[in-house]
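To keep things clear, I will list the structure first and then write my remarks on it.
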Amino acid sequence: MTGAMLMAGAALFLFMNAWFIYAVIRKRNDIADVAWGLGFIVVAWVTFPYGDWSARSLIVNIFVTMWGIRLAWHIARRHVRTSEDARYAEWRKTWTYVALRSYVQIFLLQGVLLFIIALPIMLINSSAPSPMGPLSYLGIAVWCAGFAIEAIADRQLRSFLRLPENKGHIMQRGLWAYSRHPNYFGEVTQWWGIFLLSATLPLGIFMIISPLTITLLILFVSGVPLLEKKYAGRPEFEDYKKRTSIFVPLPPKKPA
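Numbering (this note's numbering), first residue to last: 1127 to 1382.
So this is what it looks like as structure tokens:
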């Protein structure tokens, strides 16, 4: 696995540097969000040759490619219609040495997190072929469920935001009636699925660092907290918040 890790690290370093240069040219650091999903595709395919071909590695690489392309395309389409994301715009206003801090705190840090989350991919790609058992098939099912949830949630939200009458309102229909962040839940679920696909391999149990990292990151750092803060205090959101699960889709609570 060491060779695969070194190759992935070098590829990610070059990849994130290229995206940083592009961000400087475009003057919008939220381009890093587009790079996120594509970075996993880079890791998947540069490490694919490090092991003998197996159904497990091919499945995981196809899964990661499907997810990465869909997510990047979803975010890129949104960027075409909007200015720089408010979070990044605020940092640009308040930071000194904007270029340096952007390079370190956005692009290099994202590369490090991406590397950690992608560890199961590296292990699967560099391991000798082995039969897939019940845990692996469970991982496939979990990944597929997560992919469907994220894709459907993103599509529902995009359709909602396209309607002028919904401007300034909170999406509360479809999957969004059961979770305030179903798209994030779907993304996290996929990484638990990939972990299950790696769990029976040598060192596989240690790959739990991957889904734990993305879960903690989304729940407590860069995902849910930032969006919850953005909408906090709005009467419509506060009412929605009382009725709807923050993350795991659950039946909405009945009004008191």
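All C-beta atoms, glycine included, are put in the ideal place defined by N, C-alpha and C.
Could you tell me the distance, in whole angstroms, from the CA atom of Leu1239 to the CA atom of Tyr1229? Locating residue 1239 in the sequence shown gives position 113, where the first residue counts as 1. Locating residue 1229 in the sequence shown gives position 103, where the first residue counts as 1. Their Cα atoms are separated by approximately 14 Å.
Ordered along the chain, which non-local residues of its own chain (more than five positions away) have a Cβ less than 7 Å from that of Tyr1148? Walking along the sequence shown from the start, residue 1148 turns up at place 22. Contacts found: Ile1157.
For His1295, three-class secondary structure by DSSP: Along the sequence shown, one-based indexing puts residue 1295 at 169. Note: His1295 maps to coil in three-state DSSP.
Does DSSP classify Tyr1214 as helix, strand or coil? One-based indexing of the sequence shown puts residue 1214 at position 88. DSSP places Tyr1214 in helix when its eight states are reduced to three.
Beta-carbon spacing of Ser1183, Asn1292 below 8 Å: On the sequence shown, residue 1183 is found 57 positions in, with the first residue counted as 1. On the sequence shown, residue 1292 is found 166 positions in, with the first residue counted as 1. Taking 8 Å as the Cβ cut-off, Ser1183 and Asn1292 do not qualify as a contacting pair.
On the DSSP letters alone, give me the boundaries of the alpha helix (DSSP H) that Arg1204 sits inside. If you number the sequence shown from 1, residue 1204 lands on position 78. Per DSSP, the continuous alpha helix (DSSP H) segment holding Arg1204 begins and ends at 1181-1207.
Straight-line CA distance for Asp1178 to Trp1269? The residue labelled residue 1178 in the question sits at position 52 within the sequence shown. The residue labelled residue 1269 in the question sits at position 143 within the sequence shown. Rounded to the nearest angstrom, the gap between the Cα atoms of Asp1178 and Trp1269 is 23 Å.
Neighbour-count burial assignment, Phe1346, 16 or more Cβ in a 10 Å radius: By one-based count along the sequence shown, residue 1346 stands at place 220. Its Cβ having fewer than 16 others within 10 Å, Phe1346 is exposed.
Taking three-plus beta-carbon pairs below 8 Å as touching, is the stretch 1303-1320 in contact with the stretch 1259-1276? yes
Span separating the alpha-carbon of Asn1143 from that of Pro1378: The count along the sequence shown starts at 1 and reaches residue 1143 at position 17. The count along the sequence shown starts at 1 and reaches residue 1378 at position 252. Those two C-alpha atoms are separated by around 44 Å.
For Phe1166, which residues in the same chain have their Cβ closer than 8 Å to its Cβ, ignoring the five residues on either side in sequence? Within the sequence shown, numbered from 1, the residue matching residue 1166 stands at position 40. Result list for Phe1166: Val1190, Trp1193, Gly1194, Leu1240, Ile1243, Ala1244, Ile1247, in chain order.
Three or more beta-carbon pairs under 8 Å between the stretch 1193-1212 and the stretch 1289-1303, yes or no? no
Note down the Cα distance separating Met1133 from Ser1285, rounded to an integer number of angstroms. Here residue 1133 is taken as the residue at index 7 of the sequence shown, counted from 1. Here residue 1285 is taken as the residue at index 159 of the sequence shown, counted from 1. So the alpha carbons of these two residues sit roughly 40 Å apart.
Burial state of Gly1265, where buried means 16 or more other Cβ atoms lie within 10 Å: Here residue 1265 refers to the residue found at position 139 when the sequence shown is read from its first residue. By the 10 Å Cβ count, Gly1265 comes out buried.
Which listed residue (Leu1140, Val1169, Trp1162, Asn1155) has its alpha carbon closest to that of Met1127: Working through the sequence shown from its first residue, we reach residue 1127 at position 1. Here the closest residue by C-alpha is Val1169.
Just reading off the alpha helix (DSSP H) that Asn1155 is part of, what are its end residues? Along the sequence shown, one-based indexing puts residue 1155 at 29. Unbroken run through Asn1155: none, as it is neither H nor E.
Cutoff 6 Å; reference Gly1163; Cβ partners in own chain excluding five residues on either side: Here residue 1163 refers to the residue found at position 37 when the sequence shown is read from its first residue. Once the five neighbours on either side are set aside, the close Cβ partners of Gly1163 are Gly1194, Leu1197, Ala1198.
If you draw a straight line from the C-alpha of Lys1368 to the C-alpha of Gly1319, how long is it? On the sequence shown, position 242 is the one that residue 1368 refers to. On the sequence shown, position 193 is the one that residue 1319 refers to. So the alpha carbons of these two residues sit roughly 30 Å apart.
Below 7 Å, is the gap between the Cβ of Ser1183 and the nearest heavy atom of the ligand COA? This structure lacks the ligand COA; in fact it carries no ligand of any kind.
In three-state DSSP terms, what is Asp1178? Numbered from 1 along the sequence shown, position 52 holds the residue referred to as residue 1178. Coil at Asp1178, not helix or strand.
Can you tell me which of the three DSSP states Phe1363 falls into? Numbered from its first residue, the sequence shown carries residue 1363 at position 237. When secondary structure is reduced to three states using DSSP, Phe1363 falls in the helix class.
Let me confirm a value: Leu1226 is counted as buried when at least 16 other C-beta atoms fall within 10 Å, else exposed. Which label applies? Position 100 of the sequence shown, counting from 1, holds the residue named residue 1226. Label assigned to Leu1226: exposed.
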